[in-house]
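The block underneath contains the structure these notes are about, expressed in structure tokens.
2 protein chains.
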Amino acid sequence: MASNSIKILEENGLSKTEVRKKVLNLFIDSACALSLSDIEAAFSKIDRITLYRTLKTFENKGIIHKAVDGTNHPKYAICEASCSEHKHEDDHAHFHCLSCGKTVCFEHVPNPAIPELLNGYVVEEATLILSGTCKECLVQKKSRISITETLE
Amino acid sequence: MASNSIKILEENGLSKTEVRKKVLNLFIDSACALSLSDIEAAFSKIDRITLYRTLKTFENKGIIHKAVDGTNHPKYAICEASCSEHKHEDDHAHFHCLSCGKTVCFEHVPNPAIPELLNGYVVEEATLILSGTCKECLVQKKSRISITETLE
DNA sequence: GAGTTTTTTGCAACAGTATTGCATTATAAA
DNA sequence: TTTATAATGCAATACTGTTGCAAAAAACTC
Numbered sequence: 069m070a071s072n073s074i075k076i077l078e079e080n081g082l083s084k085t086e087v088r089k090k091v092l093n094l095f096i097d098s099a100c101a102l103s104l105s106d107i108e109a110a111f112s113k114i115d116r117i118t119l120y121r122t123l124k125t126f127e128n129k130g131i132i133h134k135a136v137d138g139t140n141h142p143k144y145a146i147c148e149a150s151c152s153e154h155k156h157e158d159d160h161a162h163f164h165c166l167s168c169g170k171t172v173c174f175e176h177v178p179n180p181a182i183p184e185l186l187n188g189y190v191v192e193e194a195t196l197i198l199s200g201t202c203k204e205c206l207v208q209k210k211s212r213i214s215i216t217e218t219l220e
Numbered sequence: 069m070a071s072n073s074i075k076i077l078e079e080n081g082l083s084k085t086e087v088r089k090k091v092l093n094l095f096i097d098s099a100c101a102l103s104l105s106d107i108e109a110a111f112s113k114i115d116r117i118t119l120y121r122t123l124k125t126f127e128n129k130g131i132i133h134k135a136v137d138g139t140n141h142p143k144y145a146i147c148e149a150s151c152s153e154h155k156h157e158d159d160h161a162h163f164h165c166l167s168c169g170k171t172v173c174f175e176h177v178p179n180p181a182i183p184e185l186l187n188g189y190v191v192e193e194a195t196l197i198l199s200g201t202c203k204e205c206l207v208q209k210k211s212r213i214s215i216t217e218t219l220e
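These protein sequence lines map, in sequence, to chains A and B.
If you read the first sequence in this note's numbering, its first letter stands for residue 69, the second for the next number, and so on.
If you read the second sequence in this note's numbering, its first letter stands for residue 69, the second for the next number, and so on.
Here you go:
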């Protein structure tokens, strides 16, 4: 797994530094999108400023993409191999859980096809944000309801 | 027009203060969504902290809604009359212009219908963000191209 | 492997964004 | 008019994001 992050860095012509390997491994292993503070919390000592730069570098290279979730708090997730420095191809919806606050990529849900011209506006991209309750919180809600019913 | 903002404040059980009337008039008159700094720039002297509170109050009452545009910078726009304290009904897409940075409501473009259950996730809301070039920037681009062609 | 060049990091400094508390002011109600 | 309630202005603080520079690390060259 560690060799995967090294390979990605090599393929993108980036230096294989400790910070970059750690951050990239975190993204590779993560089931949901990560904010800067998520990453900070995952390591006991990491320079916040370097993190900003690392995230920007990774995004520019097409390694990670912005996971827009409607909260206005930036989160990023690992890209698919097809993304590159010249063209992000993260054409899928993101799901934001209103319970736990996690944001996940819904790769199987493509962003809607929209006419390129709408009322005189040129539409270059459409981004879909879904929000609701994730399966983990659903399970918790269900077990909470069961306990409540038992108490009654 | 001023009496319209007073009416909205009355209907929502809010005090009709100077700040609120000015801010609400700005929203009523604006063709695009407004950020806090947009509002600050529109008045020579207005307390930024009060602005934060005012926007939050208006949003909570269903007077304005968040115009999510993918930039992670909060913007708000006036709601339709159907929105209320208990339920926002701003079920339309927003368009963000990559040229000028403006964000407008596309009331005629509804957010897509999505199944309520997707892969074990309960989807309560879908939000569509469109980005590209607005008509005003298109016009400018066209006139710029014309000038360039003339120079060649 | 050593030396040189390039890239990245750590840190200071700063700018921008957002929230809380409290006294004062303004608005609404009696 | 007086009283009660809501809103504002301000200080203080926390959080988020950017820039510059020297030092450290990584990459390159011989």
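We treat Cβ as the ideally placed atom computed from N, Cα and C, and that holds for glycine.
Please determine, among the options, the residue with the shortest C-alpha to C-alpha distance to residue i.
i	options	result
Asp159 of chain A	A:Thr122, A:Ser105, A:Glu175 and A:Val91	A:Glu175
Ala161 of chain B	A:Gly130, A:Leu198 and A:His141	A:Leu198
Pro183 of chain A	B:Leu104, B:Gly200 and B:Leu94	B:Gly200
Ile96 of chain B	B:Gly81, B:Glu78 and B:Ser71	B:Ser71
Cys165 of chain B	B:Gly188, B:Lys209 and B:Val91	B:Lys209
Glu79 of chain B	B:Asp115, B:Glu108, B:Leu119 and B:Lys129	B:Lys129
Cys147 of chain A	A:Arg212, A:Ser105, A:Ser98 and A:Ala109	A:Ser98
Starting from the C-beta of residue i, find all residues in its chain whose C-beta is less than 7 Å away, skip the five residues before and the five after it, and write them out in chain order.
i	result
Pro180 of chain B	Ala194 and Leu196
Ala135 of chain A	Ala101, Lys143, Tyr144, Ala145, His162, Thr171 and Cys173
Asp88 of chain A	The displayed chain sequence assigns Arg, not Asp, to residue 88 of chain A. Same-chain partners within the cutoff: Leu77, Leu82 and Thr122.
Ser103 of chain A	His141, Pro142 and Lys143
Thr139 of chain B	His164
Pro178 of chain A	Asp159 and His160
With respect to the beta strand (DSSP E) encompassing residue i, which residues constitute its N-terminal and C-terminal limits?
i	result
Val172 of chain B	Thr171 to Pro178
Leu166 of chain B	No beta strand (DSSP E) contains Leu166 of chain B, which DSSP labels as neither H nor E.
Glu193 of chain B	Tyr189 to Thr201
Lys113 of chain B	Neither: Lys113 of chain B is in no beta strand (DSSP E) and is coded neither H nor E.
Lys134 of chain B	Ile132 to Lys134
Ile146 of chain B	Tyr144 to Ile146
Over the uninterrupted alpha helix (DSSP H) stretch that includes residue i, give me the two end residues.
i	result
Val87 of chain A	Glu86 to Asp97
Ile107 of chain A	Leu104 to Ala110
Lys124 of chain A	Arg116 to Asn128
Using a Cβ-Cβ cut-off of 6 Å (strictly less than) and excluding sequence neighbours within five positions of residue i, which residues of its own chain qualify?
i	result
Phe163 of chain A	Val172, Phe174 and Leu198
Cys168 of chain B	Cys205
Phe126 of chain B	Ile132
Tyr189 of chain A	none
Lys84 of chain B	Ile74 and Leu77
Can you say whether residue i is buried or exposed, counting buried as having 16 or more other CB atoms within 10 angstroms of its CB?
i	result
Lys75 of chain A	exposed
Lys124 of chain B	exposed
Lys113 of chain B	exposed
His141 of chain B	exposed
Ile131 of chain A	buried
Ile117 of chain B	exposed
Asp137 of chain B	buried
Val191 of chain B	buried
Do residue i and the ligand MN come close, with the Cβ less than 7 Å from some heavy atom?
i	result
Gly200 of chain B	This structure simply doesn't include the ligand MN, nor any ligand for that matter.
Could you pull the DSSP bridge partners for residue i from this structure?
i	result
Leu206 of chain B	Its beta-bridge partners do not exist; DSSP assigns none.
His141 of chain B	None; His141 of chain B has no bridge partner.
Leu185 of chain B	B:Val190
Ala101 of chain B	Ala101 of chain B is not bridged to any residue.
Among the residues of its own chain, which have a CB less than 8 Å from the CB of residue i, if the five just before and after it don't count?
i	result
Ser214 of chain A	none
Ser73 of chain A	Arg88, Lys89, Leu92, Asn93 and Ile96
Cys202 of chain A	Phe163, Cys165, Ser167, Cys168, Lys170 and Val172
Asp115 of chain B	Val87
Glu108 of chain B	Ile114, Arg116 and Leu119
Leu185 of chain B	Val191
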